[in-house]
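Protein chains in written order, with our numbering: chain A, 1024 to 1166; chain B, 1024 to 1166; chain C, 1024 to 1166. Below: the structure, in structure tokens.
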Amino acid sequence: MIQHIEDLSFETEGEVTIRDLSEDLGRIAGGSGVATGQMLVFTPSSTSAITTLEYEPGLVKDLPAALERLFPKDIEYGHEEMWHDGNGHSHVRAAFLKPSLVVPVREGRPALGTWQQVVFIDLDNKPRRRTVMVHVWGEPSGR
Amino acid sequence: MIQHIEDLSFETEGEVTIRDLSEDLGRIAGGSGVATGQMLVFTPSSTSAITTLEYEPGLVKDLPAALERLFPKDIEYGHEEMWHDGNGHSHVRAAFLKPSLVVPVREGRPALGTWQQVVFIDLDNKPRRRTVMVHVWGEPSGR
Amino acid sequence: MIQHIEDLSFETEGEVTIRDLSEDLGRIAGGSGVATGQMLVFTPSSTSAITTLEYEPGLVKDLPAALERLFPKDIEYGHEEMWHDGNGHSHVRAAFLKPSLVVPVREGRPALGTWQQVVFIDLDNKPRRRTVMVHVWGEPSGR
């Protein structure tokens, strides 16, 4: 088994930015040398998350609406008492959505469904520069 | 380290079908040749999810009830404006529950708790034929 | 690639105990021999979960408050009809938060963000003795 490590880096526009990573992940898998294996996508942050979503304009509004319904921005958060940075809701949302996703790799590509994209979700309350870590491991082709 | 790949395939009855995968995963781990390692369980779909649950009749009703309370079927979803397929809630639920789970493998078996089963959850609003991808990697026995 | 397996064991105080595992995970990664790779953190239980959180006193109250808002302890759960152990809400919460997290390892350490800690969350309604499984795999240093 071999492994390959690569980072993605991009700017976001603050809450709630949903970014489709599928094209980048396809490129990384293709260049990794791994034919069959696994891919970890991880955001080293406590105010963002990784999941999958059909990336289309309707759902890109529906997901933030659900987050606001379940974890409203304007209720009281203990996090604010010390930090006063207005992003208590961002942290709680991120703990529920989680920063990590492992996807199968087959034929040198992330083995996603037809309507399934891997997305990065910025939950923080201001624009940020973000880095996403991608680790691929598995068997190379020709074995 | 070695790896082993296998798919599961089954019919579901639409929302919300919860299927216990534990027996299938035990069989796959046992036949994988891996004694100690890891197992990825992944649904390549944007309207289903993988998690763990004590699979008993009460919780099999409680989990759908919680989904309906948090992500009601009958509120407005932007997804409907273009697609009109009535499953906006299915997509949002799936993005929260996520399609991927990694479980430890020990002594050739998924190392789950006594009351803990790996479950597939079909969140779509109609019966579907589903495929679940299972990847096992780790050290073979005798090493 | 090599792998290393280790367990953590500790007592909790019942719901909702949030325990910062970062120091333990740093020690395990450091002793694993893996320089670059991945780390699986898994709780073999249906009433606890693993995620990341900025571990500070405000959020340690905000996360249980969100859980109680979304999955109230005092509504009816089908789980109670047979089991009468008062922890239906614990099971449903655990199915949403999930028992598994995979984190990148770089330079022999979990590659977490500055304000991001890996936490164990006990969702059960009484104190418990818990075991968390940690699996590390990847390339050793010097390769």
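All C-beta atoms in this analysis are idealised placements derived from N, C-alpha and C, irrespective of residue type, glycine included.
Could you give the DSSP three-state label for residue i: helix, strand or coil?
{"i": "glycine 1111 of chain B", "result": "helix"}
{"i": "tryptophan 1106 of chain A", "result": "helix"}
{"i": "aspartate 1085 of chain A", "result": "helix"}
{"i": "proline 1122 of chain C", "result": "coil"}
{"i": "proline 1080 of chain B", "result": "helix"}
{"i": "glutamate 1046 of chain A", "result": "helix"}
{"i": "glutamate 1036 of chain C", "result": "coil"}
{"i": "glutamate 1091 of chain A", "result": "helix"}
{"i": "arginine 1129 of chain A", "result": "strand"}
{"i": "arginine 1152 of chain C", "result": "strand"}
{"i": "alanine 1117 of chain B", "result": "helix"}
{"i": "isoleucine 1041 of chain A", "result": "strand"}
{"i": "isoleucine 1098 of chain B", "result": "coil"}
{"i": "alanine 1052 of chain C", "result": "helix"}
{"i": "glycine 1165 of chain B", "result": "coil"}
{"i": "leucine 1031 of chain A", "result": "strand"}
Can you list, in chain order, the residues of its chain with a C-beta nearer than 6 Å to that of residue i? Leave out the 5 residues immediately preceding and following it.
{"i": "isoleucine 1041 of chain C", "result": "Val1083, Val1142, Ile1144"}
{"i": "lysine 1096 of chain A", "result": "His1112"}
{"i": "leucine 1124 of chain C", "result": "Val1064, Ile1073"}
{"i": "threonine 1154 of chain C", "result": "Asp1030, Ser1032"}
{"i": "tyrosine 1100 of chain B", "result": "Gly1111"}
{"i": "serine 1164 of chain A", "result": "Ala1058"}
{"i": "proline 1087 of chain C", "result": "Val1039"}
Strictly below 7 Å CB to CB, what residues from chain A border residue i?
{"i": "leucine 1146 of chain B", "result": "Chain A residues near leucine 1146 of chain B: none, gap ~12 Å exceeds 7 Å."}
{"i": "proline 1127 of chain B", "result": "Those do not exist, as proline 1127 of chain B stays about 13 Å from chain A at its closest Cβ, beyond 7 Å."}
{"i": "glutamate 1162 of chain C", "result": "Gln1026"}
{"i": "glutamate 1077 of chain C", "result": "Ser1069, His1114"}
Hey, out of the options, whose CA is closest to residue i's CA?
{"i": "aspartate 1047 of chain B", "options": "B/Pro1163, B/Gly1165, B/Leu1146, B/Gln1140", "result": "B/Gln1140"}
{"i": "phenylalanine 1094 of chain C", "options": "C/Pro1150, C/Asn1110, C/Ser1055", "result": "C/Asn1110"}
{"i": "serine 1055 of chain B", "options": "B/Pro1122, B/Ile1028, B/Pro1087, B/Lys1121", "result": "B/Ile1028"}
{"i": "threonine 1075 of chain B", "options": "B/Met1105, B/Leu1044, B/Tyr1100", "result": "B/Leu1044"}
{"i": "methionine 1156 of chain C", "options": "B/Met1156, B/Thr1154, B/Gly1136", "result": "B/Gly1136"}
{"i": "proline 1122 of chain B", "options": "B/Thr1066, B/Tyr1100, B/His1158, B/Ile1098", "result": "B/Thr1066"}
{"i": "glutamate 1162 of chain B", "options": "B/Glu1103, B/Glu1034, B/Ala1052", "result": "B/Ala1052"}
{"i": "glutamate 1104 of chain B", "options": "A/Glu1099, A/Asp1030, A/Ala1058, A/Asp1085", "result": "A/Asp1085"}
{"i": "threonine 1035 of chain B", "options": "B/Arg1092, B/Arg1151, B/Ser1164", "result": "B/Arg1151"}
{"i": "phenylalanine 974 of chain A", "options": "A/Ala1058, A/Trp1106, A/Ala1089, A/Gly1165", "result": "With chain A covering 1024 to 1166 only, the question about residue 974 of chain A has no answer from this structure."}
{"i": "histidine 1102 of chain C", "options": "C/Tyr1078, C/Val1115, C/Pro1087", "result": "C/Val1115"}
{"i": "histidine 1107 of chain A", "options": "C/Trp1106, C/Asp1108, C/Gly1081", "result": "C/Gly1081"}
Short of 7 Å in beta carbon distance, which residues of its chain neighbour residue i, apart from the five on each side in sequence? Order them along the chain.
{"i": "glycine 1049 of chain C", "result": "Arg1132, Pro1133"}
{"i": "glutamate 1038 of chain A", "result": "Ser1113, Asp1145, Leu1146, Asp1147, Asn1148"}
{"i": "glutamine 1026 of chain A", "result": "His1158, Val1159, Trp1160"}
{"i": "threonine 1059 of chain B", "result": "Val1128, Arg1129, Gly1161, Glu1162"}
Could you work out which residues of chain B lie near residue i, taking near to mean beta carbons separated by less than 7 Å?
{"i": "alanine 1089 of chain A", "result": "Phe1094, Val1115"}
Using C-beta distances below 8 Å, list every residue in its chain close to residue i, excluding the 5 sequence neighbours before and after it, in chain order.
{"i": "alanine 1117 of chain B", "result": "Ser1068, Ser1069, Thr1070, Ser1071, Ala1072, Leu1146"}
{"i": "glutamine 1061 of chain A", "result": "Val1125, Val1126, Pro1127, Val1128, Val1159, Trp1160, Gly1161"}
Residues of chain A with CB closer than 9 Å to the CB of residue i, please, in chain order.
{"i": "leucine 1063 of chain B", "result": "Gln1061, Val1125, Val1126, Pro1127"}
What residues of chain B sit near residue i, judged by a beta carbon separation below 8 Å?
{"i": "glycine 1111 of chain A", "result": "Within 8 Å Cβ-Cβ: nothing; glycine 1111 of chain A doesn't reach chain B, min ~19 Å."}
Please list the partners that residue i has in chain A, where partner means a Cβ-to-Cβ separation under 8 Å.
{"i": "alanine 1118 of chain C", "result": "By Cβ distance, chain A contributes nothing, its closest Cβ being about 12 Å from alanine 1118 of chain C, past 8 Å."}
{"i": "alanine 1080 of chain C", "result": "The residue you asked about is not alanine; residue 1080 of chain C is proline in the sequence shown. Here the neighbours are Gly1101, Met1105."}
{"i": "leucine 1086 of chain C", "result": "Val1115, Ala1118"}
Pull up the DSSP beta-bridge partners for residue i, would you.
{"i": "isoleucine 1073 of chain C", "result": "C/Phe1143"}
{"i": "threonine 1059 of chain C", "result": "C/Glu1162"}
List the residues of chain C whose Cβ lies closer than 7 Å to the Cβ of residue i, in chain order.
{"i": "leucine 1135 of chain B", "result": "Pro1067"}
{"i": "threonine 1074 of chain B", "result": "Ala1118, Lys1121"}
Within 8 Å of any Cβ in chain E, is that where the Cβ of residue i sits?
{"i": "aspartate 1043 of chain B", "result": "The structure shown contains no chain E; its protein chains are A, B and C."}
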